[in-house]
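In the working numbering, the protein residues as written are 2 to 767. Virtual Cβ for every residue (Gly too), placed ideally from N, Cα, C. What follows is a set of notes on a single structure, which appears directly below.
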Amino acid sequence: MTTPHAPRNLRSKPLRRRARGTLAGIESLETRLALAQTMGVFVNAPEAQQGYTLFNATLNPTTHLIDNNGQEVRAWTSTGGTTSVYLLEGGSILRNTILAPPQRAFGSNGSTGKIEIIDWNNKPVWSYTLADAKYQLHHDSILLPNGNILAIAWERFSRAEAIALGRDPAKLNPATNSELWGEAILEIKPDLAKGSGGTIVWEWHLTDHLVQSYDAGKPNYVKPQEIVKNPQRVNLNFVPTGIGADTHIADWAHFNAIAYNAKTDQILVSSREFSEVWLIDHSTTTAQAAGKTGGKSGKGGDLLWRYGNPQTWNAGGASKQTLQWQHNIQWISDGLPGAGNLLVFNNGWGRPDGSSWSSVMEIKPTTYGQATPVWSYGSPKAGFFSPIISGMQRQPNGNTLICEGVKGNLFEVTPAGKVVWRYVNPDIAGGNTLNQGTSAPALNVSGTPGVFTNLTFRALKYTAASPALAGRSLTPGKLIEKYPTFHDTVGFYEPSSRSWLLNHHADGTSTAVRKITPGISPQVAVSAASLPFVGDFDGSGVKTTGVYDGAAGTFRLDFNNDGVADSIVPIPGAKPWWQPLAGNWDGVGGDELGIYDSRAHTFRFYTLQGTQATAPFVTPALPATWRPLVGDWDGDGKVTVGLYDPLAYTFYLNNKIDGSITSLTTFKTPKVPATWLPLAGDWNGDKKTTVGLYDPAARTVYLNNRIDGSITNMITYTLPVGPTAIPVGGNWGSFPQPKAPISPALLAAAVSFDSSKPRTSLNVVK
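See the structure below:
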């Protein structure tokens with residue numbers, strides 16, 4: 002005989018039992034959010050900017066627009082994840098969509114490949130794909146005032162081409178075919194009439210603006226001491242080192258953001274690998290953009306200003322570096338506090354003193370390498386750190402919305418640094434959305450700490466009066482995060498396969514079905530004759546599964562619905578024909594065990610250790626075909642028993658477990674076949690157990706919300722189960738997260754988000 006295992010995480014009595022039909026006392030939204038909150042809105046103070054926040058989990062195909070309460074007012078769905086996404090005038094979105102690697106000829110962290118415009122009603126308006134052997138869209142694209150799109154793309158050069166540019170061969174990586182990827186900025190005129198494609202009407206190429214001191218035979222050569230005299234040019238042979246540096250040397254500059262100033266006709270880009278932001282003149286022609294003269298600046302496509310890391314042009318050492326792997330450079334728009342200044346998200350991974358912490362910086366540009374600090378948020382003690390991705394946005398009231406990307410953590414701070422709104426993204430990789438109370442699984446990204454599957458590239462907030470939302474219906478809808486059901490639904494045990502199917506819906510749909518195979522194993526294989534039961538063994542309001550192995554005389558209990566027996570409880574004198582039960586016999590703590598002996602017409606009650614819990618009682622002599630039930634028929638928190646006579650289609654429900662029949666409810670159903678199986682549950686969440694019947698021939702359940710024999714309040718649906726399946730009723734709570742929640746396409750595209758290391762594979766940390 003197997004030694005019983007001590008139950009895990011079970012509360013001892015005398016904790017008062019939670020009322021049936023509730024999960025942790027959940028009733029109102031406020032109560033829900035007070036209970037083990039892991040996502041959604043945490044803070045919504047009066048000082049928060051009123052508006053609607055647009056965001057998209059990077060590895061999820063859905064873009065959401067929510068109000069300050071976290072209620073969705075609009076959603077858009079595409080074919081893949083995204084990096085940046087923007088609302089456009091009229092309510093469309095501009096989305097940088099991630100193509101799976103088979104659709105791209107090359108690429109690294111941040112690869113997209115496709116730009117989409119999707120209208121307010123989720124109808125595709127236009128798309129542009131660039132993912133060929135020479136160019137690859139990545140990270141960011143924005144809409145210009147003239148209706149064109151400004152995008153960034155990698156430009157691929159072979160080893161020979163890189164050396165011809167003046168690259169030191171020792172700084173080419175054989176692991177990436179010794180390639181060098183430059184950066185191109187492309188202005189695309191969309192073909193809206195066609196709905197796809199477009200014409201490149203202006204372009205800028207990084208390789209036109211290089212300087213190097215390696216190969217004196219090249220026209221861009223200067224002596225090493227003259228690099229510092231050419232801040233308008235980019236040192237071809239600068240390669241970062243240290244913590245956070247990307248070993249994917251081909252992706253040499255790694256632009257991750259682009260911004261445009263219509264007043265000055267200038268462009269800002271963020272180069273992660275240089276830890277710098279660069280200013281470029283857009284008023285040039287394409288020919289002028291390739292040179293060093295022309296445009297309003299008179300400097301062609303050369304850099305007008307740079308900031309963040311003087312080491313890149315030999316203007317200072319590490320102690321002078323002010324940016325570390327930054328993201329999301331932008332101008333503060335006209336009409337906003339700080340208008341004309343720049344905002345940048347400094348990831349702050351590996352600062353000069355060795356610390357790592359993120360900050361949002363507001364600066365005013367001056368000369369090359371210099372800027373005047375205006376405002377910042379973040380400090381070593383703030384606990385605010387995202388080593389990759391992330392962004393921010395100034396609000397009309399002077400607050401700043403911040404996206405701490407690796408955690409999917411969106412929050413708004415006042416100028417004084419007070420957090421007045423906070424939201425954690427419940428969407429995770431693979432198109433999945435989490436239940437409240439669960440947390441996003443970690444994403445195992447080698448070399449990059451603290452990344453989770455709800456990572457979010459950026460977030461933006463729009464006021465109701467903005468051109469993007471003016472005139473649009475902004476009726477609040479559902480919360481995005483899911484909540485476990487607070488009523489019982491039907492599950493099934495399949496004896497032949499020893500597996501369980503637990504359904505979260507009361508309408509027969511199977512979008513929230515948990516399959517457990519094999520059920521309650523291994524330890525000792527249970528026979529196909531074993532009978533199922535379910536119980537709330539820890540008093541949490543959530544039922545888990547068990548089987549009674551009559552041959553061994555043991556109960557096998559699974560405390561987390563993962564298919565593995567966590568406790569095996571032997572019952573002295575157990576008989577093979579006993580039928581298992583579980584119930585809270587005294588109304589305190591969690592459910593315990595019980596059996597119905599149809600031959601001796603006796604109910605027996607046991608603790609989870611197999612000892613007698615309360616006195617057994619004998620019913621009048623009844624046919625062996627009668628089936629036992631358990632339930633809280635009157636809602637007093639105590640579980641009692643009942644019996645169903647299949648030949649007379651009659652239920653006998655007793656509100657006592659002392660053998661008396663002074664509080665007995667008896668009723669007949671309409672005539673049904675004797676093969677139909679009874680079950681019990683709180684189908685509507687009113688804290689009272691009622692009954693149901695299952696027709697195995699039609700695989701259909703009939704759940705009654707009354708126990709008076711009427712059929713005016715019935716739930717009926719069909720489930721795809723086998724003919725021998727046995728029904729049970731219960732609240733299954735939150736299913737454990739899938740072991741591989743990322744769909745194949747999105748898993749393949751997971752290399753899209755920024756990281757400090759090249760990716761050949763990604764694994765979800767279970």
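Residues sharing a beta bridge with residue i, DSSP
i: residue 190; result: 200
i: residue 410; result: 405, 425
i: residue 473; result: Paired residue(s): none; residue 473 is not in a bridge.
i: residue 462; result: 54
i: residue 328; result: 346
i: residue 377; result: 362
i: residue 137; result: 132, 155
i: residue 499; result: In the DSSP output, where bridge partners are listed per residue, residue 499 has none listed.
Reference residue i, options the options, closest by Cα
i: residue 256; options: 730, 113, 575; result: 113
i: residue 541; options: 673, 611, 731, 553; result: 731
i: residue 220; options: 175, 236, 201, 167; result: 167
i: residue 331; options: 286, 290, 391; result: 391
i: residue 210; options: 238, 204, 302, 128; result: 302
i: residue 111; options: 265, 273, 188; result: 273
i: residue 399; options: 355, 433, 449, 340; result: 340
i: residue 532; options: 503, 579, 192; result: 579
i: residue 115; options: 180, 192, 198, 183; result: 198
i: residue 681; options: 673, 691, 672; result: 691
i: residue 185; options: 164, 194, 175, 140; result: 140
i: residue 428; options: 373, 698, 65, 51; result: 65
i: residue 187; options: 286, 215, 216; result: 286
i: residue 317; options: 266, 346, 58, 371; result: 371
i: residue 419; options: 48, 39, 40; result: 48
Alpha-carbon to alpha-carbon, residue j and residue i
i: residue 583; j: residue 676; result: 23 Å
i: residue 728; j: residue 430; result: 33 Å
i: residue 569; j: residue 473; result: 59 Å
i: residue 96; j: residue 701; result: 44 Å
i: residue 68; j: residue 62; result: 20 Å
i: residue 4; j: residue 571; result: Unreliable positioning characterises residue 4 in this predicted model, as indicated by a pLDDT of 34, which lies under 50. A coordinate reading is not provided.
i: residue 426; j: residue 413; result: 14 Å
i: residue 203; j: residue 457; result: 31 Å
i: residue 459; j: residue 482; result: 19 Å
i: residue 152; j: residue 279; result: 15 Å
i: residue 283; j: residue 422; result: 37 Å
i: residue 196; j: residue 109; result: 28 Å
i: residue 649; j: residue 598; result: 20 Å
i: residue 85; j: residue 381; result: 28 Å
i: residue 129; j: residue 191; result: 8 Å
i: residue 643; j: residue 434; result: 39 Å
i: residue 724; j: residue 553; result: 26 Å
i: residue 320; j: residue 147; result: 42 Å
i: residue 239; j: residue 313; result: 6 Å
i: residue 30; j: residue 160; result: Note that residue 30 has pLDDT 41, beneath the 50 cutoff, so the model's placement of it is unreliable and the number below is only indicative. About 59 Å.
i: residue 252; j: residue 343; result: 26 Å
i: residue 233; j: residue 45; result: 45 Å
i: residue 561; j: residue 638; result: 23 Å
i: residue 179; j: residue 230; result: 29 Å
i: residue 432; j: residue 635; result: 42 Å
i: residue 490; j: residue 620; result: 30 Å
i: residue 28; j: residue 369; result: Note on residue 28: pLDDT 33, under 50, position unreliable in the model; no value is reported.
i: residue 263; j: residue 169; result: 38 Å
8 Å contact criterion, which residue i and residue j should meet: CB distance rounded
i: residue 99; j: residue 78; result: Wrong, their Cβ atoms sit about 14 Å apart, outside the cutoff.
i: residue 475; j: residue 74; result: 5 Å
i: residue 463; j: residue 88; result: 6 Å
i: residue 288; j: residue 270; result: Contact flag wrong, Cβ pair sits at about 20 Å.
i: residue 70; j: residue 477; result: 7 Å
i: residue 556; j: residue 547; result: 6 Å
i: residue 137; j: residue 121; result: With 8 Å as the limit, residue 137 and residue 121 do not qualify as a contact, their Cβ atoms being about 30 Å apart.
i: residue 602; j: residue 623; result: 6 Å
i: residue 1; j: residue 438; result: This structure cannot speak to residue 1, because the chain is shown only from 2 to 767.
Residue i at chain B interface by Cβ criterion, 7 Å
i: residue 328; result: Within the model displayed, chain B is absent; a lone protein chain is all it includes.
The ligand ADP heavy atom lying under 6 Å from the CB of residue i
i: residue 257; result: The ligand ADP is absent from the structure shown, which contains no ligand whatsoever.
* **3 or more residues per run - each beta strand (DSSP E) lying fully within the stretch 243-279** => Within the stretch 243-279, the complete beta strand (DSSP E) runs of at least 3 residues fall at 256-262, 267-272.
* To do: Only counting runs of 3 or more residues, tell me where the beta strand (DSSP E) segments fall wholly within the stretch 141-173, in order along the chain.
  => Counting whole runs of 3 or more residues, the stretch 141-173 contains the beta strand (DSSP E) stretches 150-158.
* Asked: What beta strand (DSSP E) runs, 3 residues minimum, are completely inside the stretch 39-88?
  -> Listed in chain order, they are 41-45, 53-58, 63-67, 73-78, 83-88.
* Report the residue ranges of all beta strand (DSSP E) runs contained in full by the stretch 669-706; include only those spanning at least 3 residues, in chain order. => Annotation: the stretch 669-706 contains the following complete segments of the beta strand (DSSP E) (minimum length 3 residues), in chain order: 678-682, 691-696, 701-705.
* **Those runs of the beta strand (DSSP E) which lie wholly inside the stretch 519-599 and span at least 3 residues** => Listed in chain order, the complete beta strand (DSSP E) runs (minimum 3 residues) inside the stretch 519-599 are 532-536, 545-550, 555-558, 568-571, 580-584, 593-598.
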